[in-house]
(Lines of atoms letter the chains of each structure in order from A and count residues from 1; the text may use other names and numbers.)
(Lines give C-alpha, C1' and ligand atoms only; values in the text may rest on other atoms or scores of the structure.)
Protein backbone atom coordinates (compact mmCIF):
# COMPACT_ATOMS: atom_id res chain seq x y z
CA UNK A 1 0.00 0.00 0.00
CA UNK A 2 1.43 3.40 -1.00
CA UNK A 3 1.93 5.84 1.88
CA UNK A 4 0.03 9.10 1.60
CA UNK A 5 3.15 11.07 2.55
CA UNK A 6 6.24 8.87 2.09
CA UNK A 7 9.36 10.13 3.89
CA UNK A 8 12.17 11.13 1.52
CA UNK A 9 15.76 12.11 2.39
CA UNK A 10 18.02 14.58 0.62
CA UNK A 11 21.76 14.59 1.29
CA UNK A 12 23.12 17.78 -0.24
CA UNK A 13 24.44 21.29 0.27
CA UNK A 14 22.45 24.31 1.32
CA UNK A 15 21.55 27.40 -0.69
CA UNK A 16 21.19 30.55 1.36
CA UNK A 17 19.08 32.14 -1.40
CA UNK A 18 16.60 29.25 -1.28
CA UNK A 19 16.46 28.26 -4.94
CA UNK A 20 18.70 25.20 -5.06
CA UNK A 21 20.22 22.55 -2.79
CA UNK A 22 18.32 21.18 0.17
CA UNK A 23 15.98 24.19 0.19
CA UNK A 24 14.78 23.39 -3.33
CA UNK A 25 14.61 19.68 -2.49
CA UNK A 26 12.42 20.17 0.57
CA UNK A 27 10.01 22.46 -1.29
CA UNK A 28 9.76 19.93 -4.10
CA UNK A 29 9.19 17.03 -1.70
CA UNK A 30 6.36 18.92 -0.03
CA UNK A 31 4.63 19.81 -3.29
CA UNK A 32 4.78 16.14 -4.29
CA UNK A 33 3.12 15.04 -1.06
CA UNK A 34 6.27 13.64 0.53
CA UNK A 35 7.71 14.23 3.99
CA UNK A 36 11.17 15.73 3.54
CA UNK A 37 14.21 15.06 5.73
CA UNK A 38 17.64 16.57 5.02
CA UNK A 39 21.32 16.05 5.69
CA UNK A 40 23.60 19.02 5.02
CA UNK A 41 26.99 18.29 3.46
CA UNK A 42 28.08 21.89 2.90
CA UNK A 43 26.93 25.41 3.64
CA UNK A 44 27.01 27.99 0.88
CA UNK A 45 26.82 31.74 0.77
CA UNK A 46 25.11 32.28 -2.56
CA UNK A 47 22.40 34.21 -4.33
CA UNK A 48 21.03 34.45 -7.85
CA UNK A 49 24.26 36.02 -9.16
CA UNK A 50 26.58 33.26 -7.97
CA UNK A 51 28.28 31.41 -5.12
CA UNK A 52 30.40 33.59 -2.86
CA UNK A 53 31.67 30.95 -0.42
CA UNK A 54 31.36 27.26 0.48
CA UNK A 55 31.95 25.71 3.90
CA UNK A 56 32.16 21.93 4.03
CA UNK A 57 30.49 20.06 6.89
CA UNK A 58 32.91 17.64 8.64
CA UNK A 59 32.46 14.00 7.49
CA UNK A 60 31.76 12.70 11.00
CA UNK A 61 28.90 15.15 11.39
CA UNK A 62 27.52 14.19 7.96
CA UNK A 63 27.56 10.57 9.13
CA UNK A 64 25.84 11.48 12.39
CA UNK A 65 23.08 13.34 10.54
CA UNK A 66 22.39 10.41 8.20
CA UNK A 67 22.30 7.87 11.00
CA UNK A 68 20.09 10.12 13.09
CA UNK A 69 17.49 10.19 10.30
CA UNK A 70 17.73 6.57 9.14
CA UNK A 71 17.68 5.11 12.66
CA UNK A 72 14.35 6.77 13.38
CA UNK A 73 12.42 7.37 10.13
CA UNK A 74 11.40 4.76 7.57
CA UNK A 75 12.81 6.59 4.54
CA UNK A 76 11.28 5.42 1.25
CA UNK A 77 13.71 7.07 -1.19
CA UNK A 78 16.96 9.05 -1.05
CA UNK A 79 18.68 11.58 -3.28
CA UNK A 80 22.19 12.93 -3.07
CA UNK A 81 23.26 16.27 -4.45
CA UNK A 82 26.32 18.37 -3.69
CA UNK A 83 28.67 16.23 -1.56
CA UNK A 84 31.55 18.76 -1.55
CA UNK A 85 34.61 16.51 -1.24
CA UNK A 86 35.92 12.95 -1.34
CA UNK A 87 35.67 12.45 2.42
CA UNK A 88 31.99 13.37 2.56
CA UNK A 89 31.26 11.32 -0.55
CA UNK A 90 32.95 8.25 0.90
CA UNK A 91 31.15 8.51 4.24
CA UNK A 92 27.76 8.97 2.53
CA UNK A 93 28.33 5.89 0.38
CA UNK A 94 29.49 3.80 3.35
CA UNK A 95 26.56 4.72 5.58
CA UNK A 96 24.01 4.11 2.81
CA UNK A 97 25.57 0.74 1.92
CA UNK A 98 25.35 -0.31 5.55
CA UNK A 99 21.74 0.83 5.79
CA UNK A 100 20.76 -1.00 2.61
CA UNK A 101 22.46 -4.18 3.81
CA UNK A 102 20.69 -4.01 7.16
CA UNK A 103 17.22 -2.79 6.22
CA UNK A 104 16.86 -3.30 2.48
CA UNK A 105 17.44 -1.13 -0.55
CA UNK A 106 15.28 1.91 -1.30
CA UNK A 107 15.48 4.00 -4.50
CA UNK A 108 18.65 6.10 -4.53
CA UNK A 109 19.00 8.96 -7.01
CA UNK A 110 22.48 10.45 -7.29
CA UNK A 111 22.64 13.95 -8.74
CA UNK A 112 26.43 14.35 -9.21
CA UNK A 113 26.55 18.10 -8.60
CA UNK A 114 29.96 19.42 -9.64
CA UNK A 115 29.55 23.01 -10.82
CA UNK A 116 26.93 25.67 -10.09
CA UNK A 117 24.94 27.41 -12.84
CA UNK A 118 27.20 30.44 -12.36
CA UNK A 119 30.34 28.32 -12.86
CA UNK A 120 31.47 27.90 -9.24
CA UNK A 121 33.10 24.55 -8.42
CA UNK A 122 30.99 22.65 -5.88
CA UNK A 123 32.89 19.35 -5.82
CA UNK A 124 36.58 18.85 -5.18
CA UNK A 125 38.29 17.18 -8.17
CA UNK A 126 39.47 14.24 -6.07
CA UNK A 127 35.85 13.37 -5.24
CA UNK A 128 34.89 12.46 -8.82
CA UNK A 129 36.49 9.02 -8.65
CA UNK A 130 34.92 8.45 -5.24
CA UNK A 131 31.45 9.19 -6.58
CA UNK A 132 31.99 6.79 -9.48
CA UNK A 133 33.53 4.00 -7.41
CA UNK A 134 31.54 4.27 -4.19
CA UNK A 135 28.17 5.87 -4.94
CA UNK A 136 27.26 4.92 -8.51
CA UNK A 137 27.21 1.14 -7.84
CA UNK A 138 24.46 1.53 -5.22
CA UNK A 139 22.47 4.13 -7.17
CA UNK A 140 19.26 3.32 -9.00
CA UNK A 141 19.66 6.43 -11.12
CA UNK A 142 22.23 9.15 -11.72
CA UNK A 143 21.15 12.52 -13.16
CA UNK A 144 24.13 14.45 -14.56
CA UNK A 145 23.79 17.48 -16.80
CA UNK A 146 25.90 17.91 -19.93
CA UNK A 147 28.95 19.38 -18.16
CA UNK A 148 28.84 16.78 -15.39
CA UNK A 149 28.45 13.94 -17.88
CA UNK A 150 31.46 15.15 -19.87
CA UNK A 151 33.52 15.39 -16.67
CA UNK A 152 32.56 11.88 -15.55
CA UNK A 153 33.26 10.38 -18.98
CA UNK A 154 36.61 12.14 -19.26
CA UNK A 155 37.56 10.85 -15.80
CA UNK A 156 37.24 7.27 -17.12
CA UNK A 157 38.78 7.94 -20.55
CA UNK A 158 35.56 7.74 -22.55
CA UNK A 159 34.96 10.09 -25.49
CA UNK A 160 33.54 12.99 -23.52
CA UNK A 161 32.38 15.67 -25.96
CA UNK A 162 28.57 15.91 -26.13
CA UNK A 163 27.67 18.03 -29.14
CA UNK A 164 24.39 16.57 -30.39
CA UNK A 165 21.51 14.30 -29.47
CA UNK A 166 23.26 11.15 -30.68
CA UNK A 167 26.19 12.04 -28.42
CA UNK A 168 23.73 12.29 -25.52
CA UNK A 169 22.36 8.82 -26.27
CA UNK A 170 25.87 7.38 -26.50
CA UNK A 171 26.91 9.14 -23.29
CA UNK A 172 24.04 7.68 -21.26
CA UNK A 173 25.03 4.16 -22.28
CA UNK A 174 28.68 4.83 -21.45
CA UNK A 175 27.78 6.36 -18.09
CA UNK A 176 25.68 3.33 -17.27
CA UNK A 177 28.80 1.14 -17.50
CA UNK A 178 30.15 3.08 -14.50
CA UNK A 179 27.78 1.21 -12.19
CA UNK A 180 24.34 2.81 -11.79
CA UNK A 181 21.16 0.94 -12.70
CA UNK A 182 20.00 3.78 -14.96
CA UNK A 183 21.16 7.16 -16.26
CA UNK A 184 19.17 10.32 -16.95
CA UNK A 185 21.23 12.84 -18.89
CA UNK A 186 19.56 16.19 -18.33
CA UNK A 187 19.33 18.36 -21.42
CA UNK A 188 18.88 21.85 -20.05
CA UNK A 189 22.23 22.89 -21.53
CA UNK A 190 21.51 21.44 -24.96
CA UNK A 191 19.00 22.31 -27.70
CA UNK A 192 17.68 19.75 -30.19
CA UNK A 193 15.21 19.75 -33.09
CA UNK A 194 12.48 17.45 -34.39
CA UNK A 195 14.92 16.41 -37.11
CA UNK A 196 17.38 15.35 -34.41
CA UNK A 197 14.67 13.22 -32.80
CA UNK A 198 13.95 11.52 -36.12
CA UNK A 199 17.64 10.84 -36.71
CA UNK A 200 18.08 8.87 -33.47
CA UNK A 201 14.90 6.83 -33.86
CA UNK A 202 15.50 3.07 -33.61
CA UNK A 203 13.97 -0.13 -32.26
CA UNK A 204 15.56 0.41 -28.85
CA UNK A 205 14.67 4.10 -28.59
CA UNK A 206 11.36 5.82 -27.95
CA UNK A 207 10.52 9.52 -27.91
CA UNK A 208 8.03 11.00 -25.44
CA UNK A 209 6.77 14.27 -26.93
CA UNK A 210 5.08 15.32 -23.72
CA UNK A 211 4.91 19.05 -24.32
CA UNK A 212 4.79 18.95 -28.10
CA UNK A 213 1.62 19.05 -30.13
CA UNK A 214 0.41 15.65 -31.28
CA UNK A 215 -0.85 15.04 -34.79
CA UNK A 216 -4.45 16.00 -35.47
CA UNK A 217 -4.28 19.08 -33.22
CA UNK A 218 -4.30 21.93 -35.73
CA UNK A 219 -6.90 23.72 -33.60
CA UNK A 220 -4.39 23.96 -30.72
CA UNK A 221 -1.56 25.11 -32.96
CA UNK A 222 -3.61 27.73 -34.80
CA UNK A 223 -5.49 29.14 -31.82
CA UNK A 224 -2.90 28.77 -29.09
CA UNK A 225 0.77 28.27 -29.65
CA UNK A 226 1.03 30.01 -33.01
CA UNK A 227 4.38 28.38 -33.71
CA UNK A 228 5.79 25.01 -32.75
CA UNK A 229 9.46 25.74 -32.14
CA UNK A 230 10.69 22.52 -33.71
CA UNK A 231 14.32 23.64 -33.70
CA UNK A 232 14.42 24.64 -30.04
CA UNK A 233 13.62 21.61 -27.92
CA UNK A 234 14.90 20.52 -24.54
CA UNK A 235 15.61 16.80 -24.36
CA UNK A 236 16.34 14.55 -21.39
CA UNK A 237 17.73 11.12 -22.26
CA UNK A 238 17.07 8.09 -20.06
CA UNK A 239 19.03 4.86 -20.37
CA UNK A 240 17.14 2.30 -18.29
CA UNK A 241 18.41 -0.88 -16.67
CA UNK A 242 17.81 -2.86 -19.89
CA UNK A 243 19.74 -0.23 -21.94
CA UNK A 244 16.48 0.91 -23.58
CA UNK A 245 16.62 4.61 -24.43
CA UNK A 246 13.75 7.01 -23.79
CA UNK A 247 14.03 10.61 -24.97
CA UNK A 248 11.76 13.16 -23.28
CA UNK A 249 11.27 16.19 -25.55
CA UNK A 250 9.75 19.53 -24.59
CA UNK A 251 9.56 23.03 -26.01
CA UNK A 252 12.42 25.20 -24.75
CA UNK A 253 11.33 28.06 -22.49
CA UNK A 254 13.31 31.29 -22.70
CA UNK A 255 13.78 32.25 -19.06
CA UNK A 256 16.38 33.42 -16.56
CA UNK A 257 14.51 31.63 -13.75
CA UNK A 258 16.58 28.45 -13.97
CA UNK A 259 18.51 28.46 -10.69
CA UNK A 260 18.20 25.06 -9.03
CA UNK A 261 16.64 23.33 -12.04
CA UNK A 262 18.81 20.22 -11.72
CA UNK A 263 18.20 19.88 -7.99
CA UNK A 264 14.48 20.31 -8.52
CA UNK A 265 14.24 17.72 -11.29
CA UNK A 266 16.05 15.05 -9.27
CA UNK A 267 14.01 15.89 -6.15
CA UNK A 268 10.76 15.58 -8.10
CA UNK A 269 11.99 12.31 -9.55
CA UNK A 270 12.87 10.76 -6.19
CA UNK A 271 9.49 11.89 -4.84
CA UNK A 272 7.73 9.98 -7.61
CA UNK A 273 9.87 6.89 -6.99
CA UNK A 274 9.02 7.06 -3.28
CA UNK A 275 5.36 6.93 -4.25
CA UNK A 276 5.91 3.77 -6.28
CA UNK A 277 5.77 5.36 -9.73
CA UNK A 278 7.77 3.43 -12.40
CA UNK A 279 11.01 5.08 -13.51
CA UNK A 280 9.95 6.14 -17.02
CA UNK A 281 6.72 7.74 -15.82
CA UNK A 282 8.55 9.28 -12.85
CA UNK A 283 10.97 11.00 -15.24
CA UNK A 284 8.11 12.28 -17.41
CA UNK A 285 6.23 13.71 -14.44
CA UNK A 286 9.36 15.23 -12.90
CA UNK A 287 10.34 16.88 -16.19
CA UNK A 288 6.82 18.29 -16.61
CA UNK A 289 6.85 19.68 -13.05
CA UNK A 290 10.24 21.33 -13.59
CA UNK A 291 9.27 22.71 -17.00
CA UNK A 292 6.12 24.37 -15.66
CA UNK A 293 8.14 25.66 -12.69
CA UNK A 294 10.42 27.51 -15.09
CA UNK A 295 7.59 28.81 -17.24
CA UNK A 296 5.49 30.11 -14.32
CA UNK A 297 8.38 31.57 -12.30
CA UNK A 298 8.27 35.16 -11.10
CA UNK A 299 11.71 36.84 -11.42
CA UNK A 300 13.52 36.95 -8.08
CA UNK A 301 16.94 38.55 -7.62
CA UNK A 302 19.14 40.22 -10.21
CA UNK A 303 20.70 37.08 -11.70
CA UNK A 304 19.43 33.61 -12.56
CA UNK A 305 16.43 33.37 -10.27
CA UNK A 306 14.72 30.26 -8.90
CA UNK A 307 11.91 28.47 -10.65
CA UNK A 308 8.43 28.34 -9.17
CA UNK A 309 8.46 25.28 -6.90
CA UNK A 310 4.92 25.70 -5.61
CA UNK A 311 2.96 25.88 -8.88
CA UNK A 312 1.40 22.51 -8.05
CA UNK A 313 1.23 22.70 -4.27
CA UNK A 314 -2.44 21.86 -4.75
CA UNK A 315 -2.42 18.75 -6.98
CA UNK A 316 -3.75 19.43 -10.46
CA UNK A 317 -4.98 16.74 -12.82
CA UNK A 318 -5.02 19.44 -15.49
CA UNK A 319 -1.72 21.25 -15.89
CA UNK A 320 -1.65 25.03 -15.36
CA UNK A 321 -2.19 27.11 -18.48
CA UNK A 322 1.02 28.60 -19.86
CA UNK A 323 2.11 30.49 -22.96
CA UNK A 324 3.44 27.30 -24.55
CA UNK A 325 0.38 25.29 -23.54
CA UNK A 326 -2.68 27.52 -23.17
CA UNK A 327 -5.07 24.60 -23.67
CA UNK A 328 -3.85 21.84 -21.31
CA UNK A 329 -7.28 20.26 -20.76
CA UNK A 330 -8.03 20.00 -24.46
CA UNK A 331 -4.57 18.57 -25.12
CA UNK A 332 -5.14 16.00 -22.39
CA UNK A 333 -8.58 15.02 -23.68
CA UNK A 334 -7.36 14.56 -27.24
CA UNK A 335 -4.33 12.60 -26.06
CA UNK A 336 -6.49 10.32 -23.90
CA UNK A 337 -8.64 9.38 -26.91
CA UNK A 338 -6.13 9.84 -29.73
CA UNK A 339 -7.15 6.69 -31.62
CA UNK A 340 -10.89 7.41 -31.85
CA UNK A 341 -10.16 11.15 -32.30
CA UNK A 342 -8.11 10.35 -35.42
CA UNK A 343 -10.82 7.99 -36.70
CA UNK A 344 -13.29 10.86 -36.24
CA UNK A 345 -11.47 13.79 -37.79
CA UNK A 346 -9.85 11.77 -40.59
CA UNK A 347 -12.92 9.70 -41.35
CA UNK A 348 -13.51 8.25 -44.81
CA UNK A 349 -16.39 10.74 -45.19
CA UNK A 350 -13.98 13.65 -44.62
CA UNK A 351 -11.33 12.26 -46.97
CA UNK A 352 -13.79 11.66 -49.81
CA UNK A 353 -15.32 15.09 -49.22
CA UNK A 354 -11.85 16.65 -49.46
CA UNK A 355 -11.18 14.82 -52.70
CA UNK A 356 -14.54 15.94 -54.06
CA UNK A 357 -15.51 12.31 -54.74
CA UNK A 358 -18.00 11.79 -51.91
CA UNK A 359 -21.21 10.44 -53.48
CA UNK A 360 -23.92 13.08 -53.57
CA UNK A 361 -26.47 10.86 -51.81
CA UNK A 362 -24.14 10.42 -48.82
CA UNK A 363 -23.65 14.15 -48.44
CA UNK A 364 -27.37 14.87 -48.78
CA UNK A 365 -28.15 12.24 -46.15
CA UNK A 366 -25.56 13.84 -43.89
CA UNK A 367 -26.77 17.43 -44.16
CA UNK A 368 -30.38 16.39 -43.57
CA UNK A 369 -29.40 14.60 -40.36
CA UNK A 370 -27.11 17.49 -39.44
CA UNK A 371 -30.09 19.85 -39.59
CA UNK A 372 -31.91 17.69 -37.04
CA UNK A 373 -28.77 17.55 -34.92
CA UNK A 374 -28.82 21.34 -34.60
CA UNK A 375 -32.01 21.05 -32.53
CA UNK A 376 -30.28 18.81 -29.99
CA UNK A 377 -27.27 21.11 -30.01
CA UNK A 378 -29.41 24.19 -29.32
CA UNK A 379 -31.34 22.41 -26.54
CA UNK A 380 -28.07 21.31 -24.94
CA UNK A 381 -26.76 24.89 -24.89
CA UNK A 382 -30.06 26.04 -23.42
CA UNK A 383 -29.52 23.48 -20.65
CA UNK A 384 -26.03 24.88 -20.13
CA UNK A 385 -27.51 28.35 -19.70
CA UNK A 386 -29.99 26.99 -17.15
CA UNK A 387 -27.20 25.29 -15.20
CA UNK A 388 -24.90 28.34 -15.15
CA UNK A 389 -24.79 30.52 -12.04
CA UNK A 390 -23.44 33.81 -13.37
CA UNK A 391 -24.63 36.20 -16.05
CA UNK A 392 -21.52 35.91 -18.22
CA UNK A 393 -21.78 32.14 -18.87
CA UNK A 394 -25.59 32.40 -19.12
CA UNK A 395 -25.23 35.12 -21.75
CA UNK A 396 -22.55 33.17 -23.61
CA UNK A 397 -24.71 30.03 -23.76
CA UNK A 398 -27.80 31.96 -24.89
CA UNK A 399 -25.73 33.69 -27.61
CA UNK A 400 -24.77 30.26 -28.92
CA UNK A 401 -28.43 29.19 -28.95
CA UNK A 402 -29.32 32.24 -31.06
CA UNK A 403 -26.37 31.51 -33.35
CA UNK A 404 -27.59 27.94 -33.82
CA UNK A 405 -31.09 29.19 -34.66
CA UNK A 406 -29.58 31.51 -37.28
CA UNK A 407 -27.39 28.68 -38.55
CA UNK A 408 -30.46 26.45 -38.94
CA UNK A 409 -31.96 28.97 -41.35
CA UNK A 410 -28.72 29.15 -43.34
CA UNK A 411 -28.51 25.36 -43.25
CA UNK A 412 -31.99 25.15 -44.71
CA UNK A 413 -30.90 27.44 -47.53
CA UNK A 414 -27.79 25.34 -48.10
CA UNK A 415 -29.93 22.20 -48.26
CA UNK A 416 -32.13 23.87 -50.85
CA UNK A 417 -29.04 24.31 -53.05
CA UNK A 418 -28.75 20.52 -52.97
CA UNK A 419 -32.39 20.05 -53.98
CA UNK A 420 -33.78 19.37 -50.51
CA UNK A 421 -37.12 21.07 -49.91
CA UNK A 422 -38.09 22.62 -46.59
CA UNK A 423 -40.89 20.10 -46.17
CA UNK A 424 -38.55 17.18 -46.86
CA UNK A 425 -36.02 18.53 -44.38
CA UNK A 426 -38.50 19.10 -41.56
CA UNK A 427 -40.07 15.67 -42.02
CA UNK A 428 -36.80 13.73 -42.22
CA UNK A 429 -36.73 10.85 -39.72
CA UNK A 430 -33.91 10.73 -37.22
CA UNK A 431 -31.32 8.07 -37.82
CA UNK A 432 -30.43 5.80 -34.87
CA UNK A 433 -26.97 7.41 -34.81
CA UNK A 434 -28.49 10.87 -34.41
CA UNK A 435 -30.96 9.75 -31.74
CA UNK A 436 -28.17 8.09 -29.75
CA UNK A 437 -25.96 11.17 -29.95
CA UNK A 438 -28.72 13.67 -29.22
CA UNK A 439 -30.04 11.63 -26.29
CA UNK A 440 -26.55 11.44 -24.82
CA UNK A 441 -26.12 15.22 -25.04
CA UNK A 442 -29.43 15.90 -23.31
CA UNK A 443 -28.83 13.22 -20.69
CA UNK A 444 -25.40 14.70 -19.94
CA UNK A 445 -26.98 18.13 -19.63
CA UNK A 446 -29.55 16.85 -17.14
CA UNK A 447 -26.82 15.58 -14.81
CA UNK A 448 -25.25 17.63 -12.06
CA UNK A 449 -21.94 18.84 -13.47
CA UNK A 450 -22.29 21.59 -16.11
CA UNK A 451 -18.66 21.06 -17.08
CA UNK A 452 -19.54 17.59 -18.38
CA UNK A 453 -21.94 19.27 -20.79
CA UNK A 454 -19.28 21.78 -21.85
CA UNK A 455 -16.95 18.86 -22.62
CA UNK A 456 -19.70 17.00 -24.50
CA UNK A 457 -20.49 20.01 -26.67
CA UNK A 458 -16.80 20.67 -27.37
CA UNK A 459 -16.30 17.38 -29.22
CA UNK A 460 -18.45 18.60 -32.11
CA UNK A 461 -17.23 22.19 -32.14
CA UNK A 462 -13.53 21.36 -31.96
CA UNK A 463 -13.70 18.30 -34.19
CA UNK A 464 -15.27 20.14 -37.10
CA UNK A 465 -12.79 22.97 -36.59
CA UNK A 466 -9.95 20.46 -36.76
CA UNK A 467 -11.37 18.91 -39.94
CA UNK A 468 -11.68 22.32 -41.59
CA UNK A 469 -8.11 23.32 -40.75
CA UNK A 470 -6.72 19.93 -41.78
CA UNK A 471 -8.38 20.00 -45.20
CA UNK A 472 -7.29 23.60 -45.79
CA UNK A 473 -3.71 22.82 -44.78
CA UNK A 474 -3.60 19.68 -46.92
CA UNK A 475 -4.95 21.63 -49.89
CA UNK A 476 -1.89 23.93 -49.77
CA UNK A 477 0.57 21.05 -50.13
CA UNK A 478 2.17 20.40 -53.54
CA UNK A 479 0.27 17.79 -55.54
CA UNK A 480 -2.33 17.69 -52.78
CA UNK A 481 -4.95 14.98 -52.63
CA UNK A 482 -7.46 17.66 -51.55
CA UNK A 483 -9.35 19.27 -54.41
CA UNK A 484 -10.12 22.81 -53.29
CA UNK A 485 -11.11 24.74 -56.38
CA UNK A 486 -13.97 23.10 -58.22
CA UNK A 487 -14.85 20.82 -55.33
CA UNK A 488 -18.64 20.42 -55.07
CA UNK A 489 -18.25 20.59 -51.29
CA UNK A 490 -16.05 23.70 -51.29
CA UNK A 491 -18.54 25.82 -49.34
CA UNK A 492 -18.63 23.23 -46.54
CA UNK A 493 -14.82 23.23 -46.34
CA UNK A 494 -14.64 27.02 -46.49
CA UNK A 495 -17.23 27.38 -43.73
CA UNK A 496 -15.43 25.13 -41.23
CA UNK A 497 -11.94 26.43 -42.04
CA UNK A 498 -13.06 30.05 -42.23
CA UNK A 499 -12.63 32.87 -39.74
CA UNK A 500 -16.21 32.84 -38.42
CA UNK A 501 -16.19 29.19 -37.41
CA UNK A 502 -12.59 29.27 -36.19
CA UNK A 503 -13.45 32.26 -34.01
CA UNK A 504 -16.15 30.08 -32.43
CA UNK A 505 -13.56 27.30 -31.97
CA UNK A 506 -11.23 29.68 -30.15
CA UNK A 507 -14.08 30.88 -27.92
CA UNK A 508 -15.01 27.27 -27.20
CA UNK A 509 -11.43 26.44 -26.25
CA UNK A 510 -11.35 29.40 -23.90
CA UNK A 511 -14.65 28.38 -22.28
CA UNK A 512 -13.45 24.82 -21.77
CA UNK A 513 -10.09 25.82 -20.32
CA UNK A 514 -11.25 28.75 -18.17
CA UNK A 515 -13.98 26.67 -16.53
CA UNK A 516 -11.50 23.90 -15.74
CA UNK A 517 -9.00 26.44 -14.42
CA UNK A 518 -11.53 28.07 -12.09
CA UNK A 519 -12.96 24.78 -10.82
CA UNK A 520 -10.25 22.12 -10.79
CA UNK A 521 -11.62 18.57 -11.02
CA UNK A 522 -11.22 15.73 -8.56
CA UNK A 523 -9.87 12.44 -9.97
CA UNK A 524 -13.40 11.01 -10.26
CA UNK A 525 -14.73 14.16 -11.92
CA UNK A 526 -11.81 14.30 -14.34
CA UNK A 527 -12.39 10.66 -15.28
CA UNK A 528 -16.03 11.60 -16.00
CA UNK A 529 -14.87 14.37 -18.35
CA UNK A 530 -12.57 11.97 -20.18
CA UNK A 531 -15.38 9.44 -20.51
CA UNK A 532 -17.81 12.05 -21.87
CA UNK A 533 -15.22 13.33 -24.35
CA UNK A 534 -14.40 9.83 -25.56
CA UNK A 535 -18.07 8.88 -25.94
CA UNK A 536 -18.94 12.05 -27.84
CA UNK A 537 -15.93 11.57 -30.10
CA UNK A 538 -17.11 8.03 -30.77
CA UNK A 539 -20.67 9.29 -31.42
CA UNK A 540 -19.31 11.87 -33.86
CA UNK A 541 -17.51 9.11 -35.74
CA UNK A 542 -20.76 7.13 -35.68
CA UNK A 543 -22.53 10.11 -37.24
CA UNK A 544 -20.22 9.96 -40.25
CA UNK A 545 -20.49 6.16 -40.32
CA UNK A 546 -24.24 6.72 -40.64
CA UNK A 547 -23.69 9.11 -43.55
CA UNK A 548 -21.53 6.59 -45.37
CA UNK A 549 -23.93 3.68 -44.83
CA UNK A 550 -27.04 5.80 -45.58
CA UNK A 551 -28.51 4.40 -42.37
CA UNK A 552 -31.91 5.97 -41.78
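Residue numbers (the UniProt record's numbering): 1 to 552.
Beta carbons: idealized from backbone N, C-alpha and C, even for Gly.
Model, not experiment: these values are computed from the prediction.
The alpha-carbon of residue 322 is positioned some 42 Å away from that of residue 156.
For residue 340, the three-state secondary structure derived from DSSP is helix.
Between residue 453 and residue 380 a beta carbon distance of about 6 Å is seen, short of the 8 Å cut, so the two are scored as contacting. Where residue 454 is concerned, there is no enclosing beta strand (DSSP E), although the alpha helix (DSSP H) around it starts and stops at 450-476. When only Cα atoms are considered, residue 296 and residue 73 end up about 34 Å apart. Judged by DSSP in its simplified three-state form, residue 202 adopts strand. With 16 or more other Cβ atoms inside 10 Å of its own Cβ, residue 330 counts as buried. In the DSSP assignment, residue 56 forms a beta bridge with 42. Between residue 140 and residue 180, the CB-CB gap stays under 9 Å.
In the three-state reduction of the DSSP assignment, residue 74 falls in the coil class.
Shown here, residue 84 sits in a strand according to DSSP, grouped into three states. Here DSSP, grouped into helix, strand and coil, assigns residue 536 to helix.
Under the 8 Å Cβ criterion, the region 39-56 does not count as touching the region 280-294, having fewer than three qualifying pairs. For residue 280, the three-state secondary structure derived from DSSP is helix.
Rounded to whole angstroms, residue 182 and residue 109 show a C-alpha spacing of 10 Å. Counting C-beta atoms within 10 angstroms of its own C-beta, residue 279 has 16 or more neighbours from the protein chains shown and is therefore classed as buried. The continuous beta strand (DSSP E) containing residue 7 extends over residues 7-12. In the same chain as residue 471, and ignoring 5 residues on each side of it, the C-beta atoms closer than 6 Å to its own belong to 354, 482 and 493, in chain order. Under a 10 Å Cβ-count criterion, residue 463 is classified as buried, with 16 or more other Cβ atoms of the shown protein chains found around its own Cβ.
The region 341-349 and the region 261-272 do not touch, with fewer than 3 CB-CB distances between them shorter than 8 Å. Proximity of the region 439-452 to the region 522-542 meets the contact definition, three or more beta-carbon pairs being nearer than 8 Å. In terms of Cβ geometry, residue 310 and residue 257 do not form a close pair [threshold 9 Å]. Sorting 41, 60, 61 and 64 by C-alpha distance to the C-alpha of residue 54 places 41 at the top. Beyond the five residues adjoining it in sequence on each side, residue 187 comes within less than 6 Å, by CB distance, of 234, 235 and 236 in the same chain, given in chain order.
Between residue 81 and residue 263, the beta carbon gap of about 6 Å places them in contact (Cβ cut-off 8 Å). By the Cβ rule, the region 4-11 counts as touching the region 29-37, because three or more pairs are nearer than 8 Å.
The three-state secondary structure of residue 251, taken from DSSP, is strand. Taking a 10 Å sphere around the C-beta of residue 46, we find 16 or more other C-beta atoms and assign the residue as buried. Of the residues assessed, residue 218 falls on the buried side of the cut-off, its CB having 16 or more other CB atoms within 10 angstroms.
Three or more pairs of CB atoms, one per stretch, sit closer than 8 Å, so the region 199-209 contacts the region 243-250. Between residue 377 and residue 509, the CB-CB gap reaches or exceeds 9 Å. Taking C-beta atoms as the reference points, residue 320 and residue 485 fail to come closer than 9 Å. Here residue 172 is near residue 185, since their CB atoms are less than 9 Å apart. If you ignore the 5 residues before and after residue 495, its C-beta comes within less than 8 Å of the C-beta of 468 and 501, all in its own chain and listed in chain order. Leaving aside the five residues that flank residue 103 on each side, none in its chain has a CB nearer than 6 Å to its CB.
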